[in-house]
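J.: For the sequence shown, position 95 matches number 95 in the numbering used here, and the numbering has no gaps at all.
For each residue, glycine too, the CB sits at the ideal point set by N, CA and C.
The structure presented is a predicted model; accordingly, all values stated were derived computationally and were not measured.
Dropping a structure here in structure tokens format, bear with me for questions.
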Amino acid sequence: MFVISVAVAAVSALFWWWRSGFAQHVTALGAFAVACGAGTKELWDFGAAGSAVWIVGAIYLWVALTIEKEGNWITGTLGGIATVAGAIFASQEWTGPALLVAVASAASLIFLATMFIGPHEAALRVGFTIVGIVGMVQSTPPAVAHYADQAGVNTGLVISIIGALLVLAGFSDLSISGSFTTALGAAAALIGAAVTGVESQDFATVYGAILAVLLVAAGTVPGHILVSVAGLIGLIAFIPWGIAH
Numbered sequence: 001m002f003v004i005s006v007a008v009a010a011v012s013a014l015f016w017w018w019r020s021g022f023a024q025h026v027t028a029l030g031a032f033a034v035a036c037g038a039g040t041k042e043l044w045d046f047g048a049a050g051s052a053v054w055i056v057g058a059i060y061l062w063v064a065l066t067i068e069k070e071g072n073w074i075t076g077t078l079g080g081i082a083t084v085a086g087a088i089f090a091s092q093e094w095t096g097p098a099l100l101v102a103v104a105s106a107a108s109l110i111f112l113a114t115m116f117i118g119p120h121e122a123a124l125r126v127g128f129t130i131v132g133i134v135g136m137v138q139s140t141p142p143a144v145a146h147y148a149d150q151a152g153v154n155t156g157l158v159i160s161i162i163g164a165l166l167v168l169a170g171f172s173d174l175s176i177s178g179s180f181t182t183a184l185g186a187a188a189a190l191i192g193a194a195v196t197g198v199e200s201q202d203f204a205t206v207y208g209a210i211l212a213v214l215l216v217a218a219g220t221v222p223g224h225i226l227v228s229v230a231g232l233i234g235l236i237a238f239i240p241w242g243i244a245h
């Protein structure tokens with residue numbers, strides 16, 4: 001794998017230098033990330049290999065968002081894929097920490113997708129959103145399953161905090177689509193509250209109900225009606241749960 005990926009990266013880079021194109025761009029950067037992971041795996045283990053791929057992805061993201069102009073959306077999307085894939089790959093060795101990094105990486109991509117991010121931002125937003133959502137779907141369930149039994153409250157609170165940050169970003173006009181960002185954050189905050197119930201149902205029902213009321217109130221701000229809708233759904237879920245418990 002290492003030899004093949006190095007060869008592909010070298011040939012693609014040569015063609016890319018000779019004539020810039022989508023295929024050369026994707027294969028050169030993609031093969032380089034794979035080569036870094038494969039080479040590191042030969043020397044160490046899955047954790048180190050995944051970390052190497054994650055670092056390469058983070059560098060791609062930095063280049064796409066700060067230096068590159070033409071084709072930055074390709075580099076940025078590949079960087080997002082590498083960060084999420086690298087963290088998930090590392091979870092074979094370092095299950096807990098790597099899964100948390102995978103969730104954080106995917107959530108960060110979704111957050112970046114709502115920001116003003118420069119040239120070709122529409123394409124970057126699409127790429128970040130797709131990779132971020134797929135990454136969340138792939139990493140969140142195993143992360144919750146791994147931590148919930150021992151630290152359900154902490155896990156849920158982390159998810160809620162991420163959701164709260166998204167809500168604040170939407171309300172603070174830091175994002176392109178404030179209503180979408182706040183709605184996504186509200187949903188994440190409530191999901192986090194529900195996750196705390198794995199460890200403590202008493203805490204989950206009280207915390208979830210309070211959070212839902214706050215979201216209903218926050219949703220009265222013009223343009224953020226979906227936050228109120230999320231809050232109402234939260235009340236419908238947490239109040240009966242609390243009464244039954």
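Measuring only the C-alpha atoms, how far is Ile55 from Ile159?
T.: 24 Å
J.: Excluding five sequence neighbours on each side, which residues of the same chain lie with their C-beta closer than 6 Å to the C-beta of Ile110?
T.: Excluding residues up to 5 positions away in sequence, Gly132 lie with their Cβ nearer than 6 Å to the Cβ of Ile110 in the same chain.
J.: Sorted by chain position, which residues of the same chain lie with C-beta nearer than 6 Å to Gly185's C-beta, five sequence neighbours on each side aside?
T.: Gly163, Leu166, Val167, listed in sequence order.
J.: By DSSP, does His25 sit in helix, in strand, or in coil?
T.: helix
J.: Secondary structure at Gly156, three-state DSSP: helix, strand or coil?
T.: Under the three-state reduction of DSSP, Gly156 is assigned to helix.
J.: In chain order, which continuous runs of the alpha helix (DSSP H) of length 4 or greater are located wholly inside the stretch 32 to 83?
T.: 46 to 66
J.: Kindly indicate which three-state DSSP category Gln201 falls into: helix, strand or coil?
T.: helix
J.: Grab the span of the alpha helix (DSSP H) containing Ser228 for me, first residue to last.
T.: 225 to 244
J.: In the structure shown, what three-state DSSP assignment does His146 receive?
T.: helix
J.: Less than 8 Å between the C-beta atoms of Ala90 and Thr75, yes or no?
T.: In this structure, Thr75 does not lie closer than 8 Å to Ala90 by Cβ.
J.: In chain order, what residues of the same chain lie with their CB nearer than 6 Å to the CB of Tyr113, ignoring the 5 residues before and after it?
T.: Per the sequence presented here, residue 113 reads as Ala, with Tyr not at that position. Taken in chain order, the residues that qualify are Arg125, Phe128, Thr129.
J.: By a C-beta neighbour count over all protein chains shown, 10 Å radius and 16 as the cutoff for buried, is Ala145 buried or exposed?
T.: exposed
J.: Counting only the same chain and skipping the five closest in sequence on each side, list residues whose C-beta sits under 6 Å from that of Gly246.
T.: In the structure displayed, the chain extends from 1 to 245; residue 246 sits before or after that span and is not available.
J.: Figure out for me which residue from Ala102, Ser228, Gly170 has the closest Cα to the Cα of Pro141.
T.: Its Cα nearest to that of Pro141, the residue Ala102 stands out among Ala102, Ser228, Gly170.
J.: Leaving out five residues before and five after Leu78 in sequence, what residues of the same chain have Cβ atoms less than 8 Å from its Cβ?
T.: Val26, Leu29, Gly30, Ala33, Gly57, Tyr60
J.: Using the three-state DSSP reduction, which class does Thr129 fall into: helix, strand or coil?
T.: helix
J.: For Val216 versus Gly192, is the C-beta distance shorter than 8 Å?
T.: It is not a contact, given that the beta carbons lie outside the stated cut-off.
J.: Is the separation between the beta-carbon of Leu235 and that of Ala212 shorter than 8 Å?
T.: yes
J.: DSSP on Thr220, reduced to helix/strand/coil?
T.: In this structure, Thr220 counts as coil in the three-state DSSP scheme.
J.: Take the Cβ of Thr220 as the centre, count every other Cβ of all protein chains shown within 10 Å, and call the residue buried at 16 or more, exposed below.
T.: exposed
J.: Assign Val137 to one of two classes, buried (16 or more other C-beta atoms within 10 Å of its C-beta) or exposed (fewer than that).
T.: exposed
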